[in-house]
Amino acid sequence: MALASKEALDLRHRHPYLSGNFAPVQTNTALTPCTYAGTIPPDLGGGQYVRNGGNPVTNEDLGRDAHWFDGDGMLSGVLFRRSGEKHTEIVPEFVNQFLVTDVYAYARPSSSRGGWNQPVGAPGRSLRRPLLPSIATLVNPQAGLFTIIWVVLRTMLFVCLSHVSSAIQSIKKISVANTAVVFHDGRALALCESGPPLRFALPSLETVGWFDGRRAENEPVDAASRTRSPAGFGGSGLLAFMKEWTTAHPRVDPVTKELIAFHAVFLPPFCYYSIVPPAAPAAAKQAPTPASRPCPPARFALPVPGMRAPKMMHDFGVSHKHTIILDLPLTLDPANLARGVPVLSYDSTGVSRFGVFPRYQPDRIQWFETQPCVIFHTANAWDTCARFVDINGAQLQETSVNLLACRLTSESLVFSAGNLPTPVAKPVPPEYAEEEQCRLYYYNFPLSSTAPSDEPRNPIRYQWALSAISFEFPTLSPDHSMAAARYVYGCSTAENSYTVALGKAAKIDHLAKIDVQTLIARGMRHPPQPVKGCVDTRTVAEILAENNPSDPIQLFQMPDGWYAQEARFVPRNARERQTEDDGWLLTYVFDESQLETEGARAGECREDAVSELWIIDARTMKHVVARVRLPQRVPYGLHGAWFSEDEIQEQRPYSKVRTVPDSTASAGVSWARTLQGLVEHLIG
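FYI, the numbering for the sequence shown is 1 to 684, going by UniProt numbering.
Here it is in structure tokens:
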């Protein structure tokens with residue numbers, strides 16, 4: 001009875017991002033055939049959709065600080081396996097796997113924990129809270145200096161303890177690899193900006209090993225690898241561990257197949273930059289195009305000059321020729337504590353800076369400034385070249401770089417995702433005052449032909465919202481990225497923003513398709529007010545009411561009680577594709593009628609709750625062509641990707657996968673393991 005009462009108390013105080021379909025699942029499921037309704041498009045045959053997300057394996061303390069961005073990485077995928085004698089039939093198969101990071105390998109045995117003095121000696125068996133501090137604790141303005149120091153020291157102590165026994169995986173990297181996935185040069189990679197990419201295998205989703213930009217763990221070492229410099233993302237030197245922290249949103253050029261990434265760090269210059277060209281013959285296999293060009297050699301940890309402080313920089317922009325760094329007034333700096341400022345601090349009176357430079361020359365960066373904002377995700381970037389005649393009759397050419405980004409007017413999303421109140425903003429000048437919003441914005445940066453400088457030279461030519469609807473988690477046809485793509489897809493909501501009241505969680509009830517080129521052209525003909533202006537001012541309800549098939553904004557409305565996750569665009573095969581939007585959106589969905597409605601567990605998922613994968617016609621945004629019923633639920637998570645049949649078949653070889661060490665293999669109890677268990681029991 002006491003245990004039941006404790007569980008009821010925990011459930012009443014459960015964090016909104018640890019309850020309902022945000023609650024983690026604790027099982028790994030091997031590839032399992034699924035039932036489905038509708039018709040699965042043949043173009044999906046042999047490919048796999050995979051989505052990443054935080055899924056804390058240590059989840060006993062339900063009243064702890066927690067954040068949507070916390071948790072061990074878990075991959076959830078659906079493989080569209082070819083079947084039948086002619087391989088024309090398709091059988092969807094679901095699979096999910098925890099990513100075996102160092103942190104996960106330490107914590108996993110907690111699922112079979114005993115007392116601290118048990119002879120099992122399993123690390124993590126007494127952990128009640130995740131090993132890493134919650135983002136919610138680190139960003140909470142109410143968390144005192146002592147609290148921050150304590151949670152950091154707790155993590156450091158566990159990291160040190162992980163090295164005292166050979167029976168467990170030592171913690172060398174603190175990334176949980178829980179944010180996104182990408183495919184590059186024969187490798188599927190899971191990403192989180194607190195460490196390097198982590199390779200996993202398709203379609204099993206088993207973990208292969210950390211990737212340093214040149215080679216992943218457990219891959220064979222070829223002759224070229226033995227002769228070239230071993231330094232990769234982190235470079236060499238004392239700060240190598242910090243410089244290997246890689247953005248969760250690197251870009252892969254669809255033409256050159258280069259991987260472009262940045263590394264945000266706490267010390268000057270605060271940002272490094274890397275380019276990894278393809279090396280595998282399969283990755284470079286492509287018909288010649290006018291844009292094709294030979295790839296320069298790999299470049300790692302190039303400093304990006306001009307940043308003035310460490311920032312929470314989650315994403316960036318990449319065109320075929322240029323890169324855009326976002327230096328926004330959202331500071332992420334442990335040194336803030338010494339100044340009496342939270343680790344994460346937004347300056348509502350500061351400036352947003354965009355640094356634009358040629359892909360291979362970060363030292364030629366040009367800076368552009370505008371009013372303060374927050375951008376977590378960019379949708380696309382592309383180059384524009386315009387010819388004109390000057391007053392002397394000379395023929396000149398101007399290059400500008402265009403950016404589409406999901407712009408927020410405050411840092412509130414970071415706090416609401418941790419069930420924290422947003423700090424009261426400083427008083428701002430009237431020209432800075434904006435309502436709470438998250439909109440798809442268009443920027444145009446005209447580049448100067450003069451020498452680069454840390455100071456802004458040219459004004460931003462265009463900067464306004466394309467639509468007034470909330471818009472996040474953008475996706476587009478991968479073949480049209482880094483070029484002037486016409487369509488961008490994303491998630492929306494009937495609310496004005498993604499910020500929610502305390503005790504609630506943001507959910508996606510609409511998917512949106514925006515004809516960005518039509519709205520950009522309209523904005524150039526009738527320019528809105530810079531920064532605050534908006535080309536299309538209609539609400540979600542007004543767009544739905546018009547129901548115009550020619551509308552540049554098309555919405556897919558989820559049925560009542562159903563919620564989607566980030567969608568991913570999958571194009572029809574090139575031979576049959578007629579238009580850029582000829583393809584499908586894939587998204588996991590959940591019916592919240594599967595939540596308990598009574599008793600202490602009200603609002604929690606039933607034991608038999610399951611999710612579905614919906615395949616939506618991306619042209620019409622009206623029809624669900626197939627619904628795949630999964631054997632379990634998929635918690636609301638973060639970013640996913642589509643891996644084609646060719647990519648799965650062209651993966652690089654590997655010798656083994658990472659597994660959780662068997663801590664029972666070594667008999668007896670050493671003093672180190674006893675100490676380890678005692679510390680976990682006391683502060684776990």
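Using N, Cα and C, we set each Cβ at its ideal position, and we do this for glycine too.
If you draw a straight line from the C-alpha of Leu678 to the C-alpha of Gln26, how long is it?
-> Between Leu678 and Gln26, the C-alpha separation is close to 25 Å.
Grab the span of the beta strand (DSSP E) containing Gly523 for me, first residue to last.
-> Per DSSP, Gly523 belongs to no beta strand (DSSP E); it is in the alpha helix (DSSP H), Val516 to Arg525.
In this structure, does DSSP put Gln554 in helix, strand or coil?
-> strand
Thinking C-beta only, is Gly47 closer than 9 Å to Phe80?
-> yes
Starting from the C-beta of Pro24, find all residues in its chain whose C-beta is less than 7 Å away, skip the five residues before and the five after it, and write them out in chain order.
-> Asn55, Pro56, Asn59, Gly71 and Pro635
Among Thr674, Asp662, Arg658 and Thr147, the one whose alpha carbon lies nearest that of Asn218 = Arg658
Spell out the partners DSSP gives Arg407 in its beta bridges.
-> Ile375 and Arg439
Minimum C-alpha distance to Phe471 - residue among Tyr442, Met482 and Tyr462 = Tyr442
Would you mind reading off the limits of the beta strand (DSSP E) that contains Leu239?
-> From DSSP, Leu239 is part of no beta strand (DSSP E); its letter is neither H nor E.
Using the Cα positions of Asp102 and Gly317, report the straight-line distance between them to the nearest angstrom.
-> 30 Å
Where does Gly209 fall in DSSP's three states?
-> strand
Would you mind stating whether Val540 and Leu519 have Cβ atoms separated by less than 9 Å?
-> No, Cβ-Cβ distance for Val540 and Leu519 is not below 9 Å.
For the beta strand (DSSP E) holding Met74, just list the boundary residues, first then last.
-> Gly73 to Ser83
May I have the straight-line CA-CA distance separating Tyr360 from His681, to the nearest angstrom?
-> 51 Å
Under the three-state reduction of DSSP, which class applies to Asn573: helix, strand or coil?
-> DSSP places Asn573 outside both helix and strand once states are collapsed to three, so it counts as coil.
Among the residues of its own chain, which have a CB less than 7 Å from the CB of Arg251, if the five just before and after it don't count?
-> Excluding its 5 nearest sequence neighbours in each direction, Arg251 has C-beta neighbours in its own chain below 7 Å: Ile260 and Val318, listed in chain order.
Is it right to say Leu18 is buried, meaning 16 or more other beta carbons lie within 10 angstroms of its own, or is it exposed?
-> buried
Around the C-beta of Phe146, are 16 or more other C-beta atoms found within 10 angstroms, so that it is buried, or is it exposed?
-> exposed
Alpha-carbon to alpha-carbon, Tyr588 and Ala107 | 28 Å
Leu191 and Thr246 closer than 9 Å at C-beta = yes
Local Cβ density within 10 Å of Ile325, reported as buried at 16 or more and exposed below that | buried
Compare the C-alpha of Asp581 against each of Asp591, Phe569 and Arg575 and name the closest.
-> Phe569
Using the C-alpha atoms, what's the distance from Ser134 back to Arg64?
-> Computed Cα separation, rounded: 9 Å.
Starting from the Cα of Pro42, find the closest Cα among Gly583, Lys426 and Thr537 and give me that residue.
-> Gly583
Going by the beta-carbon positions, is the gap between Thr378 and Val356 smaller than 9 Å?
-> no
Grab me the residues of Asp327's own chain with a C-beta within less than 7 Å of its C-beta, minus the 5 sequence neighbours each way, in chain order.
-> Met307, Lys311, Arg353 and Gly355
I think Glu411 touches Thr422, with their Cβ atoms under 8 Å apart; what is that distance to the nearest whole Å?
-> Sure, about 7 Å apart at Cβ, within 8 Å.
Kindly indicate the opening and closing residues of the alpha helix (DSSP H) around Ile648.
-> Glu645 to Gln649
Outcome for Lys156 when other beta-carbon atoms lying within 10 angstroms are tallied against a minimum of 16 = Correcting the residue identity first, residue 156 is Met in this sequence and not Lys. Answer is exposed; the Cβ neighbour count stays below 16.
By DSSP, does Trp150 sit in helix, in strand, or in coil?
-> Correct three-state label for Trp150: helix.
Leu408 to Gly38, Cα distance in whole Å?
-> 38 Å
Based on the DSSP output, what are the partners of Asn380 in its beta bridges?
-> Leu404
So does the segment 620 to 628 actually touch the segment 29 to 38, counting three or more Cβ pairs closer than 8 Å?
-> yes
Distance between beta carbons of Ser477 and Ile514, contact taken as under 8 Å | The beta-carbon distance between Ile514 and Ser477, rounded to whole angstroms, is 13 Å. This is too long to meet the 8 Å contact definition.
Proximity below 9 Å, CB of Glu566 to CB of Ile508 | yes
Taking just the CA atoms, how far does Pro530 sit from Leu511?
-> A straight-line Cα-Cα distance of about 27 Å links Leu511 and Pro530.
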